[in-house]
Ligand SMILES: Cc1cc2nc3c(=O)[nH]c(=O)nc-3n(C[C@H](O)[C@H](O)[C@H](O)COP(=O)(O)O)c2cc1C
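The structure is reproduced here in C-alpha cells:
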C-alpha cells in the first residue's frame with residue numbers, strides 16, 4: 013500500500029460549474045448500489061456506495077471513492093482491505109441502513125466473513141474481496157485503487173440508483189421468450205392469484221431463468237402479472253387486452269368467412285355443426301353446467317371454423333390470442349347468460365350452410381361484441397358499488 017498522494021493540484025482558474033449542477037448532471041449516469049465493508053480494530057464497518065468502478069481486468073482491479081467523513085473510509089485506511097457487496101433489487105432497506113450513521117449497522121443483518129475479515133452480506137448479488145494497492149486524496153474524497161482477490165456472483169437483478177432515487181433495472185427481454193411467457197400467462201386458465209414457479213417455467217420453455225424473470229418484469233408493466241413479496245403472481249387480464257384480443261379474433265374470423273363461406277364441402281359443414289352441437293351439452297337453463305368444458309368445446313368450434321381456411325399460420329396466430337384462457341378468466345359463471353352465445357353459434361352454422369356471407373359476417377360481428385355486453389351487464393347487476 014502506498015501513502016496517500018495528491019497528484020493533481022486544483023486548477024487556479026475558478027470552476028464555472030457549481031457542485032449542485034454537476035450532481036444534477038452526473039445523477040443521470042445510472043449506477044448499481046453497493047455496500048462496502050471492512051473490519052478494523054475488532055469492529056465491522058460498512059457504507060453504502062455507488063462510486064465503484066471496474067479499473068482493469070488484468071490484473072483484476074477496481075476503484076472506489078469514499079468521503080473523508082466516512083468512518084468506513086478511515087477503517088479501510090487502517091485495514092487496507094475491503095469487500096464490495098453488490099446489492100440486489102430488493103435491498104433498498106439495506107442501502108438505507110448502510111447510508112446511515114447507526115451505531116451498529118450490522119445488527120440483524122446476516123453476514124459471512126471473507127478471508128480478510130470483511131463482512132459479506134448474505135443475499136448480495138455479488139461479492140468482491142479487495143486489497144488496497146493505492147489511495148489518492150481528491151478534495152473531499154479518497155479514491156481507493158484495489159486488487160480484487162476473489163469474486164463471487166449470485167443470480168438475481170441489481171438495485172439501481174438514478175438521479176438520487178432507487179429503482180429496478182429493466183433489461184430488454186428477449187422477444188421470443190417474452191412472447192412465450194405472455195402466451196402462457198394469457199392461456200393460464202385456473203391459476204389466478206397463484207405465484208409463478210419461474211424455475212419450472214424456465215425448464216419447460218428450455219430457457220434461462222433470468223430470461224423468464226426479465227419477461228415477467230416487462231409483463232408486470234402491462235398488468236398481466238403483479239409482484240407480491242418478491243414473487244410474480246398472475247393478475248386478472250386488463251380489459252384493454254381482452255377487448256383487443258377479441259378485436260383480433262374478429263378480424264381473423266371475418267377473413268376466414270370471406271374465403272370459406274360458400275366454398276366448403278358438405279362434410280366440413282356437417283363437422284362444423286357437430287362442433288356447435290357439442291357446446292350445447294354444457295349449458296342448462298341459461299347457465300353453464302361445466303364452464304371449463306364449455307370453454308374447450310367453444311374453442312374447438314371456433315378453431316374448426318378458422319381451420320376451414322386451410323392455413324396453419326393463420327390457425328397458429330389465432331391460437332396465440334389465448335382465447336380459452338381469456339374466456340376462463342373473464343367469464344363470471346354465476347351471472348353469465350349463455351343463450352345469446354348459443355344462438356349466435358346456431359345462426360352462424362345456418363348462415364354457413366346457406367352460403368350467406370353477409371349473414372355470417374353479421375353474426376361474427378355481434379358475437380365478438382358479446383364479452384363487452386356481458387361485462388356491461390355484470391356491472392349493471394353489481395350496481396354502483398361494483399362499478
Ligand atoms: C445510493 C447511495 C450511494 C452512496 N454512495 C457513496 C459513495 O460512493 N461514497 C461515499 O463516500 N458515500 C456514499 N454514500 C453516502 C454514505 O453511504 C453515507 O455517508 C454513510 O453514512 C457513510 O457511513 P460511514 O460513515 O459509517 O462510513 C451513498 C449513499 C447512498 C444512499
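Numbering (our numbering), first residue to last: 13 to 399. In this text, a Cβ means the ideal position worked out from N, Cα and C, and glycines have one as well.
Query raised in the report: Looking at residue 50 and ligand 1, is the gap between the Cβ and the nearest heavy atom below 7 Å?
Result: No; taking the cut-off as 7 Å, the Cβ of residue 50 has no heavy atom of ligand 1 nearer than that.
Exercise for review: Pick out the complete alpha helix (DSSP H) segments inside the stretch 19-80, 4 residues or longer, and give them in chain order.
Suggested key: For the stretch 19-80, whole alpha helix (DSSP H) runs of length 4 or above, ordered along the chain, are 31-38.
Q: Within its chain, find whatever has a CB closer than 7 Å to the CB of residue 124; leave out the 5 residues flanking it on each side and keep chain order.
A: Taking C-beta separations shorter than 7 Å and ignoring five residues to either side along the sequence, the partners of residue 124 in its chain run 132, 134, following chain order.
**Asked** Which of helix, strand or coil does DSSP assign to residue 175?
**Response** Residue 175 falls in the coil class under three-state DSSP.
- Message: Suppose you measure from the CA of residue 188 to the CA of residue 50; what does that come to, to the nearest Å?
- Response: Taking C-alpha positions only, residue 188 is separated from residue 50 by approximately 44 Å.
Our contact map puts residue 237 next to residue 228 with C-beta atoms below 8 Å; I'd like the distance itself, whole angstroms only. Correct: roughly 6 Å between the Cβ atoms.
Q) Counting Cβ pairs closer than 8 Å, one from the stretch 115-123 and one from the stretch 188-200, do we hit at least three? A) Verdict: no, contact absent.
Close Cβ partners of residue 339 (< 6 Å) along its chain, the five nearest in sequence each way excluded
Closer than 6 Å at the Cβ level, and outside the excluded window around residue 339, lie 307.
- Query: By how many angstroms is the C-alpha of residue 390 removed from the C-alpha of residue 296?
  - Reply: A direct Cα-to-Cα measurement between residue 296 and residue 390 gives close to 20 Å.
- Query: Per DSSP, residue 246 is paired with what?
  - Reply: According to DSSP, which records beta bridges pairwise, residue 246 is partnered with 237.
Span of the beta strand (DSSP E) holding residue 161? Where residue 161 is concerned, the enclosing beta strand (DSSP E) stretches over 153-165.
Practice task
Starting from the Cα of residue 352, find the closest Cα among 328, 46, 375, 318 and give me that residue.
Solution key: Nearest Cα to residue 352 within the set 328, 46, 375, 318: 375.
_Using 8 Å for Cβ pairs, my map puts residue 78 next to residue 61. What's the rounded Cβ distance?_
Going by Cβ atoms, the distance from residue 78 to residue 61 rounds to 7 Å, so yes, they are a contact pair.
Handout entry: Closer than 7 Å: residue 93 CB and nearest ligand 1 heavy atom
Key = No, ligand 1 has no heavy atom inside 7 Å of this Cβ.
Sub-8 Å separation of residue 160 and residue 141 beta-carbons: Yes, they are a contact pair.
| Beta carbon of residue 317, beta carbon of residue 268: below 8 Å? | With respect to residue 268, residue 317 sits close: the two C-beta atoms are nearer than 8 Å.
**Prompt:** CA-CA distance, residue 383 and residue 210?
**Reply:** Taking the straight line from one Cα to the other gives about 31 Å.
Consult DSSP for residue 206 and reduce its assignment to one of helix, strand or coil.
It is coil, neither helix nor strand.
Per DSSP, what kind of secondary structure is residue 110 in: helix, strand or coil? Residue 110 sits in a helix when the DSSP states are folded into three classes.
Exercise for review: Using the Cα positions of residue 333 and residue 198, report the straight-line distance between them to the nearest angstrom.
Suggested key: Between the alpha carbons of residue 333 and residue 198 lies a distance of about 8 Å.
*Going by beta carbon distance, what residues of the same chain come within less than 8 Å of residue 259, once the five residues before and after it are set aside?*
Once the five neighbours on either side are set aside, the close Cβ partners of residue 259 are 380.
*Can you give me the Cβ contacts of residue 319 inside the same chain, cut-off strictly under 8 Å, excluding the 5 residues immediately before and after it?*
Result list for residue 319: 327, in chain order.
query = Just reading off the alpha helix (DSSP H) that residue 268 is part of, what are its end residues?
reply = Unbroken alpha helix (DSSP H) run through residue 268: 251-272.
Would you list the one or two residues that DSSP bridges to residue 170?
For residue 170, which the question treats as bridged, DSSP gives the partners 100.
So the candidates are 114, 115, 95, 150; which of them puts its Cα closest to the Cα of residue 129?
With distances taken between Cα atoms, residue 129 lies closest to 95.
- Based on the DSSP secondary-structure assignment, which residues constitute the bridge partners of residue 299? According to DSSP, which records beta bridges pairwise, residue 299 is partnered with 296.
Beta carbon of residue 77: closer than 7 Å to some heavy atom of ligand 1?
At least one heavy atom of ligand 1 is nearer than 7 Å to the Cβ of residue 77, so yes.
Looking only at its chain, what residues have a beta carbon closer than 8 Å to the beta carbon of residue 280, apart from the 5 residues adjacent to it on each side?
Apart from sequence neighbours up to five positions away, the residues of its chain that approach residue 280 with a beta-carbon distance below 8 Å are 320, ordered along the chain.
* Asked: Just to check, is the beta-carbon of residue 45 closer than 7 Å to a non-hydrogen atom of ligand 1?
  -> Result yes, Cβ under 7 Å from ligand 1.
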